[in-house]
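S.K.: If you read the sequences in order, they're chains A and B.
For what it's worth, our numbering labels the leading residue of the first sequence as 6, then goes sequentially.
For what it's worth, our numbering labels the leading residue of the second sequence as 6, then goes sequentially.
Number of protein chains: 2
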Amino acid sequence: MITGTADVHAIVQARLLEVGQRYTPKRRALIEHLAAAATPPALPDIMATDPKLPQSSVYRNLAVLEHAGVVRRVITEGEFARFELAEDLTAHHHHLICSSCGRVEDVTVPASFESTMDRTLDRVARETGFATVSHRLDLIGICRACA
Amino acid sequence: MITGTADVHAIVQARLLEVGQRYTPKRRALIEHLAAAATPPALPDIMATDPKLPQSSVYRNLAVLEHAGVVRRVITEGEFARFELAEDLTAHHHHLICSSCGRVEDVTVPASFESTMDRTLDRVARETGFATVSHRLDLIGICRACA
DNA sequence: CCGCAAGTGAGAGCGATTCTCAAACTCGTT
DNA sequence: AACGAGTTTGAGAATCGCTCTCACTTGCGG
Numbered sequence: 006m007i008t009g010t011a012d013v014h015a016i017v018q019a020r021l022l023e024v025g026q027r028y029t030p031k032r033r034a035l036i037e038h039l040a041a042a043a044t045p046p047a048l049p050d051i052m053a054t055d056p057k058l059p060q061s062s063v064y065r066n067l068a069v070l071e072h073a074g075v076v077r078r079v080i081t082e083g084e085f086a087r088f089e090l091a092e093d094l095t096a097h098h099h100h101l102i103c104s105s106c107g108r109v110e111d112v113t114v115p116a117s118f119e120s121t122m123d124r125t126l127d128r129v130a131r132e133t134g135f136a137t138v139s140h141r142l143d144l145i146g147i148c149r150a151c152a
Numbered sequence: 006m007i008t009g010t011a012d013v014h015a016i017v018q019a020r021l022l023e024v025g026q027r028y029t030p031k032r033r034a035l036i037e038h039l040a041a042a043a044t045p046p047a048l049p050d051i052m053a054t055d056p057k058l059p060q061s062s063v064y065r066n067l068a069v070l071e072h073a074g075v076v077r078r079v080i081t082e083g084e085f086a087r088f089e090l091a092e093d094l095t096a097h098h099h100h101l102i103c104s105s106c107g108r109v110e111d112v113t114v115p116a117s118f119e120s121t122m123d124r125t126l127d128r129v130a131r132e133t134g135f136a137t138v139s140h141r142l143d144l145i146g147i148c149r150a151c152a
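1) Is residue 133 of chain A helix, strand or coil when you go by DSSP?
2) Give a yes or no on whether the minimum CB-CB distance between residue 112 of chain B and chain A is below 9 angstroms.
3) Based on DSSP bridge pairs, tell me the residues matched to residue 88 of chain A.
4) Kindly say whether residue 140 of chain A, judged by its beta-carbon, lies nearer than 9 angstroms to any beta-carbon of chain B.
5) For residue 104 of chain B, collect the residues of the same chain with a Cβ closer than 8 angstroms to its Cβ; drop the 5 residues on either side in sequence, then sort them by chain order.
6) Excluding the five sequence neighbours on either side, which residues of its own chain have a C-beta within less than 8 angstroms of the C-beta of residue 60 of chain B, listed in chain order?
7) Taking only beta carbons into account, state which residues of the segment 73-100 of chain B come closer than 8 angstroms to chain A, listed in chain order.
8) Are any of the Cβ atoms in chain A nearer than 9 angstroms to that of residue 24 of chain B?
9) Kindly confirm or deny that the segment 73-82 of chain B and the segment 115-127 of chain B touch, where touching means at least three C-beta pairs closer than 8 angstroms.
10) Skipping 5 residues on each side, what residues in its chain have a beta carbon closer than 6 angstroms to that of residue 50 of chain A?
11) Please report how far the alpha carbon of residue 54 of chain B lies from the alpha carbon of residue 38 of chain B, in whole angstroms.
12) Around the Cβ of residue 109 of chain A, are there at least 16 other Cβ atoms within 10 angstroms (buried) or fewer (exposed)?
13) Straight-line CA distance for residue 66 of chain B to residue 27 of chain A?
14) Does the beta carbon of residue 115 of chain A come closer than 9 angstroms to any beta carbon on chain B?
15) Roughly how far, in whole angstroms, is the beta-carbon of residue 142 of chain B from the beta-carbon of residue 135 of chain A, given that I think they are within contact range, below 8 angstroms?
16) Report the neighbours of residue 61 of chain A on chain B: residues whose CB is nearer than 9 angstroms to its CB, in chain order.
17) Would residue 88 of chain B pass as a contact of residue 45 of chain B if the rule is Cβ separation under 9 angstroms?
In structure tokens form, the structure reads like this:
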């Protein structure tokens, strides 16, 4: 399900409305930036695009967008949180995390493996009384540059 | 590969020696606590066992043990980091994370699925020039208590 | 055009983790 | 059994992402 950027904006606007929030230029710029990024940017990466961006507004707007369900906070062992568009606005993917430099890359795995995994995890979750909403699969390793 | 507690202590001692550190009673107590825990404890959990433990020492010793490769820091979206024994001192497992209350439970998946996953991820990593050392698979959902 | 609700920016505040440093301990050596 | 060099410890200070506060601005309904 590959969604065009125009559709993304429409969806974001709709979800913000549901939560009683506006789709302001600042927020649009953030979404644009996240949609264009090849890798989930950390806050410094976002601020670097325009040094006079107030950091508090960026954080606040990311929180609003996260709350609206269009942005996801990616947890890494690095010092900064990273942000990406919610999964239903992009293709389902996983992360390659370099344990040496902290670099994060997006990857996809074969669809057949995804469905095997979904089936397996659903079963595991059911056995333990968990209602699974999603999974998080990351590969931890050493990237080409650090090797 | 299930390792007895006695062996764990021997391994920990050996790895600490390699890094030029001693296996002090405080560190032994930490390892003991982690080995007994059913779920990776956060710092408050550890401190709760003995309220007069100085938090700075706990943090420092966890860092030392992590550096020696016997303790692993588990990243969650919660406010506290959690700690568990390194994977080669326990059985390979994954985590069920409740997105509502932050509770973390250990789970294992069928061995057949593990090996399928290993093969798939190795291939993916090779294609992208990453040297994979490990993977991290977490199930995010709602636990029985929160449902 | 008014007014109110929502958004913005600058800085203060917060809280988990890390750092500092003097005192207490360990262990091989006399 | 005491010594001394090097570690470990504990209490508090310091750090630093991130969140909160609040006065000001902006934008949409009436």
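Here a beta-carbon is modelled for each residue, glycine too, at the ideal position from N, C-alpha and C.
Computed from a predicted structure; not experimentally measured.
M.R.: Quick answer:
1) The count along the first sequence starts at 1 and reaches residue 133 of chain A at position 128. Of the three classes helix, strand and coil, the one that applies to residue 133 of chain A here is helix, per DSSP.
2) By 1-based counting over the second sequence, the position of residue 112 of chain B is 107. Chain A contact via Cβ: present.
3) Within the first sequence, the letter at position 83 stands for residue 88 of chain A. Per the DSSP secondary-structure output, residue 88 of chain A pairs in a beta bridge with A/78.
4) Against the first sequence, residue 140 of chain A aligns to sequence position 135. Interface residue, yes.
5) Numbered from 1 along the second sequence, position 99 holds the residue referred to as residue 104 of chain B. Hits under 8 angstroms: 82, 145, 146, 147.
6) If you number the second sequence from 1, residue 60 of chain B lands on position 55. So the list reads 48, 52, once near-sequence residues are dropped.
7) 78, 80, 81, 82
8) For this step, residue 24 of chain B is matched to residue 19 along the second sequence. Chain A, which has no Cβ nearer than 9 angstroms to the Cβ of residue 24 of chain B, makes this no.
9) no
10) To locate residue 50 of chain A, count along the first sequence from 1; it is residue 45. When the five nearest sequence neighbours on each side are left out, no beta carbon in the same chain lies closer than 6 angstroms to the beta carbon of residue 50 of chain A.
11) In the second sequence, counting from the first residue as 1, residue 54 of chain B sits at position 49. In the second sequence, counting from the first residue as 1, residue 38 of chain B sits at position 33. Roughly 9 angstroms between the two C-alpha positions.
12) Taking the first residue of the first sequence as 1, we reach residue 109 of chain A at position 104. Buried, since its Cβ has 16 or more Cβ neighbours within 10 Å.
13) Position 61 of the second sequence holds residue 66 of chain B. Position 22 of the first sequence holds residue 27 of chain A. Distance between the alpha carbons of residue 66 of chain B and residue 27 of chain A: 48 angstroms.
14) Along the first sequence, one-based indexing puts residue 115 of chain A at 110. Cβ-Cβ to chain B under 9 angstroms: yes for residue 115 of chain A.
15) As a first step, residue 142 of chain B must be located in the second sequence, where it is residue number 137. As a first step, residue 135 of chain A must be located in the first sequence, where it is residue number 130. At roughly 14 angstroms, the Cβ-Cβ gap does not stay under 8 angstroms, so residue 142 of chain B and residue 135 of chain A are not in contact.
16) Looking up residue 61 of chain A in the first sequence gives position 56. Those do not exist, as residue 61 of chain A stays about 20 angstroms from chain B at its closest Cβ, beyond 9 angstroms.
17) The residue you call residue 88 of chain B lines up with position 83 of the second sequence. The residue you call residue 45 of chain B lines up with position 40 of the second sequence. Cβ atoms of residue 88 of chain B and residue 45 of chain B: closer than 9 angstroms.
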